[in-house]
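K.L.:
Residue numbers (the UniProt record's numbering), protein chains in the order written: chain A, 1 to 229; chain U, 1 to 229.
All C-beta atoms, glycine included, are put in the ideal place defined by N, C-alpha and C.
Mind looking over this structure? Questions follow.
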DNA sequence: ATATAGTGTGTATTTTCTACACTAAGTAAT
DNA sequence: ATTACTTAGTGTAGAAAATACACACTATAT
């Protein structure tokens with residue numbers, strides 16, 4: 001969000017790129033602004049940092065107010081502060097991204113007055129964004145591309161139990177390219193952070209795939225070592 | 001959604017971790033404070049962001065005022081803003097690191113009144129730092145460790161013409177570990193961003209090593225591809 | 001001429017990466 | 001029960017990259 005208080009010569013805000021995965025598509029949460037400037041434009045959700053909040057808390061609050069979710073993986077990744085990025089004055093904004101598993105309809109809450117609506121939109125068909133939000137988004141995507149190659153953040157986008165095909169799908173969407181099935185499985189299994197379950201996928205009209213969990217204990221041991229895709 | 005008001009007194013600053021290499025040691029530039037709080041403590045150089053400056057410009061200015069240098073490689077890497085990180089109120093600070101080739105005495109200029117002195121201190125023997133500057137430094141070092149593995153920033157620390165041994169030395173200091181000479185050379189040469197010169201090292205009392213230059217044109221072609229150490 | 005200190009080079013082994021295609025299992029329709 | 005359909009799940013061979021490792025060369029200083 002980009003609300004401005006006119007008497008301030010500089011304002012400090014946080015904007016969030018909330019990545020969500022619904023099992024099929026990679027989406028981000030955008031709000032349609034109901035105020036000038038950029039009335040009726042889509043924008044990244046954001047807000048002013050509260051007086052006694054840490055930056056991380058502030059980002060978590062923005063996410064909570066929009067989605068009702070807590071305990072989500074979020075990471076600060078860049079500060080944007082060009083004079084002139086905001087038509088009404090100097091606004092320095094800190095960008096965060098978040099990774100969210102989307103589950104049905106419970107992913108949005110009633111929104112405040114400054115926005116008409118909030119919506120999960122697929123990253124393959126994003127509208128024009130207000131302010132310099134396109135740039136903020138671009139840099140966020142770039143960051144998670146890099147990050148997913150080295151750390152197991154893909155799990156944050158998936159339900160607790162998932163199939164290897166789903167996991168591969170996440171990698172393909174984020175990296176923007178196809179991966180070889182056999183090589184992918186070989187590699188991801190070799191990291192030793194997956195726990196194979198006795199359970200199978202349900203409700204599919206074909207052979208059900210084995211379900212896996214991410215094993216945090218094993219990952220903790222591995223931590224520090226670089227993994228790569 | 002309730003609107004949280006911005007903290008009117010909040011201050012926005014930039015702090016810099018200036019890494020310098022003098023051919024032997026990796027150092028950072030610290031200032032000894034002459035004002036409360038933390039009077040007489042060592043601290044990272046920093047300043048308030050000017051009204052019409054971009055963030056990058058502001059960081060470049062801080063560096064220029066201390067060293068007289070321009071055109072130095074700098075990168076923003078994190079924002080620190082815990083309430084309580086500054087005893088006198090909310091100060092959000094953006095951290096930058098810079099990579100500087102140190103050449104003799106011309107690396108420092110007369111300093112302003114808020115500091116008693118400024119000094120290049122080796123990272124192997126740093127004093128206690130004011131505020132949360134230890135944390136800011138730690139994160140900066142972590143960042144360049146990661147970065148040097150994937151992008152040719154090591155050249156920023158070396159003079160225009162350098163030997164392979166010097167280059168390896170920089171990698172070893174930043175990464176904090178020994179590298180194998182033959183493998184290092186094989187790899188760095190294979191990236192194809194070095195230009196071998198006809199010149200040799202001078203003034204050494206042993207066999208003079210061949211000098212190399214970093215070839216920016218070749219690097220530009222390679223850009224985007226990941227290199228790794 | 002000899003001691004010294006750093007330069008510069010090759011190979012064999014292991015590990016990782018890549019490319020590639022078929023059978024197995026379950027569901028749905030007839 | 002048979003068949004058609006859809007996705008799950010698996011192995012291997014060749015190429016490329018990473019690693020481990022040791023000695024001869026060259027310039028200077030004494």
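Going along the chain, which unbroken runs of the beta strand (DSSP E) with 3 or more residues stay wholly within the UniProt domain "Nudix hydrolase" (9-143) of chain A?
P.N.:
Those beta strand (DSSP E) runs which fall completely within the UniProt domain "Nudix hydrolase" (9-143) of chain A and span 3+ residues are 10-21, 26-33, 46-48, 73-80, 90-101, 115-122.
K.L.:
Nearest to residue 189 of chain A by alpha carbon, out of A:23, A:148, A:213, A:178?
P.N.:
Checking every option, the nearest Cα to that of residue 189 of chain A belongs to A:213.
K.L.:
Look at the alpha carbon of residue 42 of chain A and the alpha carbon of residue 151 of chain U, and state the distance between them as a whole number of angstroms.
P.N.:
One C-alpha to the other measures close to 35 Å.
K.L.:
Counting only C-beta atoms, is residue 6 of chain U closer than 8 Å to chain A at any point?
P.N.:
In this prediction, residue 6 of chain U scores a pLDDT of 44, lower than 50, which makes its location untrustworthy; no coordinate-derived value is stated.
K.L.:
Using a C-beta to C-beta distance shorter than 8 Å, which residues of chain U count as neighbours of residue 90 of chain A?
P.N.:
Per Cβ cutoff of 8 Å: 51.
K.L.:
Since residue 160 of chain U is in the alpha helix (DSSP H), which residue starts that stretch and which ends it?
P.N.:
Where residue 160 of chain U is concerned, there is no enclosing alpha helix (DSSP H), given that its DSSP letter is neither H nor E.
K.L.:
Between the stretch 122-140 of chain U and the stretch 38-55 of chain A, do three or more beta carbon pairs fall short of 8 Å?
P.N.:
No: fewer than three Cβ pairs fall under 8 Å.
K.L.:
Distance check for residue 182 of chain A and residue 191 of chain A, CA to CA, integer angstroms please.
P.N.:
Looking at the two C-alpha atoms, the distance is approximately 15 Å.
K.L.:
Counting Cβ pairs, one atom from each stretch, are 3 or more of them under 8 Å apart for the stretch 151-160 of chain U and the stretch 169-185 of chain U?
P.N.:
Flag = yes, the stretch 151-160 of chain U and the stretch 169-185 of chain U touch.
K.L.:
Could you confirm whether any beta carbon from chain A is found closer than 8 Å to the beta carbon of residue 76 of chain U?
P.N.:
Yes - at least one Cβ of chain A is within 8 Å of the one on residue 76 of chain U.
K.L.:
Buried or exposed for residue 6 of chain A, going by 16 or more other Cβ atoms inside 10 Å?
P.N.:
Caution applies to residue 6 of chain A, whose pLDDT of 39 falls short of 50 and renders its modelled position unreliable; the value that the coordinates give is listed next. So residue 6 of chain A counts as exposed.
K.L.:
In whole angstroms, what separates the C-alpha of residue 102 of chain U from that of residue 217 of chain A?
P.N.:
The alpha-carbon atoms of residue 102 of chain U and residue 217 of chain A are separated by roughly 45 Å.
K.L.:
With which residues is residue 196 of chain A paired in a DSSP beta bridge?
P.N.:
A:212.
K.L.:
Would you report the Cα separation of residue 117 of chain A and residue 176 of chain A, rounded to the nearest angstrom?
P.N.:
Going from the Cα of residue 117 of chain A to the Cα of residue 176 of chain A covers about 28 Å.
K.L.:
If we define contact as Cβ-Cβ less than 8 Å, is residue 79 of chain U a contact residue for chain A?
P.N.:
Output row for residue 79 of chain U: interface = yes.
K.L.:
Does the count of Cβ pairs from the stretch 92-101 of chain U and the stretch 19-30 of chain U closer than 8 Å reach three?
P.N.:
Yes, the stretch 92-101 of chain U is in contact with the stretch 19-30 of chain U.
K.L.:
Using a cut-off of 7 Å between C-beta atoms, extract the partners of residue 54 of chain U located in chain A.
P.N.:
Chain A residues near residue 54 of chain U: 81, 82, 83.
K.L.:
Does DSSP put residue 148 of chain A in a helix, a strand or coil?
P.N.:
Here residue 148 of chain A sits in helix by DSSP.
K.L.:
Since residue 66 of chain U and residue 74 of chain U should fall inside the 8 Å C-beta cutoff, what is the C-beta to C-beta distance between them, to a whole number of angstroms?
P.N.:
Actually they are not in contact, since the Cβ atoms of residue 66 of chain U and residue 74 of chain U sit about 13 Å apart, beyond 8 Å.
K.L.:
I need the straight-line Cα distance from residue 132 of chain U to residue 86 of chain U, nearest angstrom please.
P.N.:
If you take the alpha carbons of residue 132 of chain U and residue 86 of chain U, they lie about 8 Å apart.
K.L.:
I need the straight-line Cα distance from residue 219 of chain A to residue 187 of chain A, nearest angstrom please.
P.N.:
Taking the straight line joining both Cα atoms gives about 15 Å.
K.L.:
Which of the three DSSP states, helix, strand or coil, is assigned to residue 185 of chain A?
P.N.:
In this structure, residue 185 of chain A counts as helix in the three-state DSSP scheme.
K.L.:
For residue 94 of chain A, go through chain U and note every residue whose CB falls closer than 7 Å to its CB, in chain order.
P.N.:
The contacting residues are 79.
K.L.:
Is the CB-CB distance between residue 161 of chain A and residue 197 of chain A below 8 Å?
P.N.:
Yes; because the gap between Cβ atoms is below 8 Å, this pair is in contact.
K.L.:
Expressed to the nearest angstrom, what Euclidean distance is found between the alpha-carbon atoms of residue 34 of chain U and residue 119 of chain U?
P.N.:
When rounded, the distance between both Cα atoms is 14 Å.
K.L.:
Please say whether residue 54 of chain U and residue 82 of chain A have beta carbons closer to each other than 8 Å?
P.N.:
Result yes, Cβ atoms of residue 82 of chain A and residue 54 of chain U sit closer than 8 Å.
K.L.:
Taking all protein chains shown into account, do 16 or more other C-beta atoms lie within 10 angstroms of the C-beta of residue 206 of chain U, making it buried, or fewer, making it exposed?
P.N.:
With fewer than 16 other Cβ atoms within 10 Å, it is exposed.
K.L.:
Quick test of your reading: residue 250 of chain U and residue 136 of chain U, contact by CB under 8 Å. State the CB separation rounded to the nearest angstrom.
P.N.:
A query on residue 250 of chain U cannot be resolved here, the shown segment of chain U reaching from 1 to 229 and no further.
K.L.:
Considering Cα atoms alone, identify which of A:52, A:15, A:121 is closest to residue 80 of chain A.
P.N.:
For residue 80 of chain A, the nearest C-alpha among the options comes from A:15.
K.L.:
Comparing the C-beta of residue 12 of chain A with each C-beta of chain U, is any distance below 8 Å?
P.N.:
Residue 12 of chain A counts as touching chain U.
K.L.:
Quick one, which of A:201, A:11, A:78 has its alpha-carbon nearest residue 144 of chain A's?
P.N.:
For residue 144 of chain A, the nearest C-alpha among the options comes from A:78.
K.L.:
So what does DSSP say about residue 191 of chain A, is it helix, strand or coil?
P.N.:
Residue state, collapsed to three classes: coil.
K.L.:
Is it buried or exposed for residue 228 of chain A, if we count other Cβ within 10 angstroms and need 16 for buried?
P.N.:
So residue 228 of chain A ends up on the exposed side.
K.L.:
Answer with buried or exposed for residue 93 of chain A, where buried requires no fewer than 16 other C-beta atoms within 10 angstroms of its C-beta.
P.N.:
Flag for residue 93 of chain A reads buried.
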